[in-house]
Amino acid sequence: MSENSSSIFIVDDDFSIRSSLTMLLESAGYNVECFSSATDFLESGDIHSKNTCIVLDVKMSGLDGLDLQKELTSIDCITPIIFISGHGDIPMSVQAMKDGAVNFLTKPFDDDQLLDAIKEALSMAREAHEKQSRINQIKQKIDKLTPREIEVLKHLIAGLLNKQIAFELNISERTVKAHRKQILDKMGIKSMAELVRLTEKIGFEPAI
Amino acid sequence: MVNPVQNEATERIFDYRQLKRWSISDSELPEGSEIRFIEYTFWEDHWKQIVLIIAAFVILLIIIGYLIAQKRILRLSQVELIQTKRKYKTVADYTSDWEYWQHPDGSMAWISPSCEQVCGYSSELISGNPDLIPHMIRQGDKRIWENHNCKDNKRVIRKGIRFRILTKQGEVRWIEHTCQKVIDEEGKNQGVRANNRDITDREKYKTQTNKLQSELIHVERLATISALTYALAHEINQPLTSIRSYAQAALRFMQNDQDERENVEKALQGIVSDNKRAAAVVNQLRDLVKKKDVETRAVDINSIVESVLSLLNSEFIIRNTTLKLNLDREIPNIDGDSIQLQQVFLNLLTNALDAMEGVIAKKKILAISTKTNNSEGVLISVADSGIGIPEDKLEEIFESFHTSKSDGIGLGLAISKSIVESHGGKIWAENNASAGARIVVLLPGTI
Numbered sequence: 001m002s003e004n005s006s007s008i009f010i011v012d013d014d015f016s017i018r019s020s021l022t023m024l025l026e027s028a029g030y031n032v033e034c035f036s037s038a039t040d041f042l043e044s045g046d047i048h049s050k051n052t053c054i055v056l057d058v059k060m061s062g063l064d065g066l067d068l069q070k071e072l073t074s075i076d077c078i079t080p081i082i083f084i085s086g087h088g089d090i091p092m093s094v095q096a097m098k099d100g101a102v103n104f105l106t107k108p109f110d111d112d113q114l115l116d117a118i119k120e121a122l123s124m125a126r127e128a129h130e131k132q133s134r135i136n137q138i139k140q141k142i143d144k145l146t147p148r149e150i151e152v153l154k155h156l157i158a159g160l161l162n163k164q165i166a167f168e169l170n171i172s173e174r175t176v177k178a179h180r181k182q183i184l185d186k187m188g189i190k191s192m193a194e195l196v197r198l199t200e201k202i203g204f205e206p207a208i
Numbered sequence: 209m210v211n212p213v214q215n216e217a218t219e220r221i222f223d224y225r226q227l228k229r230w231s232i233s234d235s236e237l238p239e240g241s242e243i244r245f246i247e248y249t250f251w252e253d254h255w256k257q258i259v260l261i262i263a264a265f266v267i268l269l270i271i272i273g274y275l276i277a278q279k280r281i282l283r284l285s286q287v288e289l290i291q292t293k294r295k296y297k298t299v300a301d302y303t304s305d306w307e308y309w310q311h312p313d314g315s316m317a318w319i320s321p322s323c324e325q326v327c328g329y330s331s332e333l334i335s336g337n338p339d340l341i342p343h344m345i346r347q348g349d350k351r352i353w354e355n356h357n358c359k360d361n362k363r364v365i366r367k368g369i370r371f372r373i374l375t376k377q378g379e380v381r382w383i384e385h386t387c388q389k390v391i392d393e394e395g396k397n398q399g400v401r402a403n404n405r406d407i408t409d410r411e412k413y414k415t416q417t418n419k420l421q422s423e424l425i426h427v428e429r430l431a432t433i434s435a436l437t438y439a440l441a442h443e444i445n446q447p448l449t450s451i452r453s454y455a456q457a458a459l460r461f462m463q464n465d466q467d468e469r470e471n472v473e474k475a476l477q478g479i480v481s482d483n484k485r486a487a488a489v490v491n492q493l494r495d496l497v498k499k500k501d502v503e504t505r506a507v508d509i510n511s512i513v514e515s516v517l518s519l520l521n522s523e524f525i526i527r528n529t530t531l532k533l534n535l536d537r538e539i540p541n542i543d544g545d546s547i548q549l550q551q552v553f554l555n556l557l558t559n560a561l562d563a564m565e566g567v568i569a570k571k572k573i574l575a576i577s578t579k580t581n582n583s584e585g586v587l588i589s590v591a592d593s594g595i596g597i598p599e600d601k602l603e604e605i606f607e608s609f610h611t612s613k614s615d616g617i618g619l620g621l622a623i624s625k626s627i628v629e630s631h632g633g634k635i636w637a638e639n640n641a642s643a644g645a646r647i648v649v650l651l652p653g654t655i
């Protein structure tokens, strides 16, 4: 049965495609929400849902699937997209994949094809969100530091000794040691190595 | 010689015989002389009779001469008459059509010898039995003969009637019959002069031409449909996709522990419904692809437009075109052939889609409207938002082999026009007030 309670989104202008895919996904234990046009989906407010993915038809009247993909990218929506299409032209599918789609399936497809792609998309979504929240956590931790502490931090992860940092910043070695302790305490970490790993994750630049 | 008695009384008396002897003429005698013993000559005695006789003779001669002359004139005119008769007989008898002159009482005044060649019955046979003429006409065409009624014609050559006859040998031939009433100089009805022409060949060519035209219409229909193959395949692929998903969903439901009967049922119903959707497209295609004789019945133009649109659904999506539909539900029915009318709209719609090829997606609008035309009949308009048609080409586009496409044949509009006109309607092109052009079709309602 379903692990997540969020719904998978289906965007397709064909009623029976929406209906049959809904049945299929529900039979595999997922919750489903349907939209008959890209515009409806954009206006729904569901675009920022987490732990979900979008099953998207390429050719629709009005805004088509590829347009929607571009639109979502432009508003930093990272929900993974699985394209389904009755037209299998290669340039179109290559473009869609390059722009970040999880998969591009041509109709008619097997249940396994779709469900596997959904699994992949959901795990991608999960990972992405986890990664995002880790980064946010780290950022929050760093926000707790004073500007002085941040300066010290930059030098610490550059691999400088306390002595050297004291010289660079024109403060005493003892002050450096005190800052260092504060940093480790505030951020709740135990070793320098961990500090380096964390700051690297958020792309924090060392002093040199 | 005896001397004449010499007295006064006898002084002037002379003897004719003496005078004669002495050759003395009367003029030499003195005045008042009397001549006796005149011996009249035969001539002098009978000159009156003689003259009379001679005169009578002369008159007789004149009369004879006159009679001879008359006879000669008569003979000449007889000769001329014979020649004229021969001339007109030749003119009449050497006609290759079968012609005749029928008296008001039904008997035959004259029948051309060509009669036998045309209908198999000799002119003698028909003379003897004039009823053979209506008799030889084929059952189905007898009504045409009866309605035309030679005897009521004025002396006017009208357009002929056509009917089939069964010749004496049993062959079927097409005849074109024209006739005029014969009125003599006194205004009396002298019957009917008729002309019957064997037009069997002409009718054969007409049938062949009609058949070819029918084939051409069919071929054009096939060409239009084959250009839609990609879109039609997509149209069928959609329900196929759904059917597979429904079936696989049902299989999964059945593998679950709990009772998913309701879900399985829903899935199966979905399969049936989508199967019907696909079947509808297939059926419609089959109808359009079939070669069929024209079948006229009451037809609703709105449903024709809708069925054509259902085939073009995918085509619209592929071409990113927006449809604006404005159907008047109150329009009357039309007498017509459903397949041919579908062909017309298929043609108009694909033309409109093609016309907008170069236009940017947002502005591709195809507008279709139907409405009742004033009195009766239906007005249908198919408008695109392309570049329009040059004013001087608005009529030319309906001509055969007129196309602006490099791979086009150019018969679509020509055939559409021919179909519309055979339904008693009209078709024409206009440019829109805004972008693009429209084709308008007017079809008369059921009579």
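Chains as they are written, first to last, in the working numbering: chain A, 1 to 208; chain B, 209 to 655.
Note that CB positions come from ideal geometry on N, CA and C, so glycine has one too.
As the structure is a prediction and not an experimental result, all values here were calculated from the model.
Return the CA-CA distance between residue i and residue j, expressed in angstroms with no decimal places.
i: A402 (chain B); j: K297 (chain B); result: 16 Å
i: I270 (chain B); j: A277 (chain B); result: 10 Å
i: H48 (chain A); j: L561 (chain B); result: 38 Å
i: I150 (chain A); j: I54 (chain A); result: 41 Å
i: L650 (chain B); j: V513 (chain B); result: 14 Å
i: I334 (chain B); j: L374 (chain B); result: 14 Å
i: N162 (chain A); j: L63 (chain A); result: 59 Å
i: Q325 (chain B); j: K396 (chain B); result: 32 Å
i: D392 (chain B); j: Q398 (chain B); result: 7 Å
i: L448 (chain B); j: M564 (chain B); result: 30 Å
i: G633 (chain B); j: A431 (chain B); result: 24 Å
i: I246 (chain B); j: L282 (chain B); result: 55 Å
i: Q113 (chain A); j: P80 (chain A); result: 16 Å
i: L195 (chain A); j: C77 (chain A); result: 30 Å
i: M344 (chain B); j: G336 (chain B); result: 15 Å
i: T52 (chain A); j: R494 (chain B); result: 44 Å
i: K571 (chain B); j: P598 (chain B); result: 20 Å
i: D279 (chain A); j: S7 (chain A); result: Summary: the structure shown does not reach residue 279 (chain A), with chain A confined to residues 1 through 208, and so no result is reported for it.
i: L72 (chain A); j: A38 (chain A); result: 11 Å
i: T611 (chain B); j: G594 (chain B); result: 16 Å
i: N162 (chain B); j: P652 (chain B); result: Nothing about residue 162 (chain B) can be reported from this structure: the residues present for chain B run from 209 to 655 only.
i: E3 (chain A); j: R134 (chain A); result: Unreliable placement is indicated for E3 (chain A), whose pLDDT of 47 sits below 50; the coordinate value is still reported in the next sentence. Going by the C-alpha atoms only, they are around 21 Å apart.
i: D40 (chain A); j: L557 (chain B); result: 29 Å
Which residue or residues does DSSP assign as beta-bridge partners of residue i?
i: E384 (chain B); result: B:R370, B:R405
i: M316 (chain B); result: B:Q310
i: S589 (chain B); result: B:S577, B:V648
i: I345 (chain B); result: B:I373
i: A506 (chain B); result: B:D543
i: I84 (chain A); result: A:D57, A:L105
i: S7 (chain A); result: A:N31
i: F222 (chain B); result: B:I243
i: I635 (chain B); result: B:V649
i: I391 (chain B); result: B:N397
i: L535 (chain B); result: B:T578
In three-state DSSP terms, what is residue i?
i: N103 (chain A); result: strand
i: L161 (chain A); result: coil
i: N530 (chain B); result: Per the sequence shown, residue 530 (chain B) should be read as Thr rather than Asn. Strand.
i: N397 (chain B); result: strand
i: K98 (chain A); result: helix
i: L237 (chain B); result: coil
i: L492 (chain B); result: According to the sequence displayed, residue 492 (chain B) carries Gln and not Leu. In the structure shown, Q492 (chain B) sits in a helix (DSSP, three-state: H, G or I).
i: M564 (chain B); result: coil
Run through chain B and tell me which residues come within less than 7 Å of residue i, C-beta to C-beta.
i: G86 (chain A); result: H442, N445, Q446
i: P108 (chain A); result: N445, L448, T449, R452
Which chain A residues sit within Cβ distance under 8 Å of residue i?
i: K474 (chain B); result: M23
i: I526 (chain B); result: K59, H87
i: N471 (chain B); result: M23, E26, S27
Find the residues of chain A that neighbour residue i, judging by a C-beta separation of less than 7 Å, and give them in chain order.
i: A560 (chain B); result: Within 7 Å Cβ-Cβ: nothing; A560 (chain B) doesn't reach chain A, min ~16 Å.
So residue i contacts chain B; which residues on that side make the cut at Cβ distance below 8 Å?
i: S16 (chain A); result: Q446, P447, S450, G478, S481, D482, R485
Note down, in chain order, every chain A residue with its Cβ under 9 Å from the Cβ of residue i.
i: F461 (chain B); result: M23, E26, S27
i: A457 (chain B); result: S20, L21, T22, M23, L24, L25, E26, S27, A28, D111
i: N669 (chain B); result: Summary: the structure shown does not reach residue 669 (chain B), with chain B confined to residues 209 through 655, and so no result is reported for it.
Taking Cβ-Cβ distances below 9 Å as the criterion, which residues of the stretch 406-436 of chain B are in contact with chain A?
If you check each beta-carbon in the stretch 406-436 of chain B against every beta-carbon of chain A, none falls closer than 9 Å.
Residues within the stretch 478-511 of chain B neighbouring chain A, beta-carbon criterion of under 8 Å
Listed by position along the chain: G478, S481, D482, R485.
If you measure beta-carbon to beta-carbon, which residues of the stretch 20-53 of chain A are closer than 7 Å to chain B?
S20, L21, M23, L24, S27, A28
What are the residues in the stretch 521-548 of chain B lying within 9 Å of chain A by C-beta distance?
S522, F524, I525, I526, N528, T529, T530, L531
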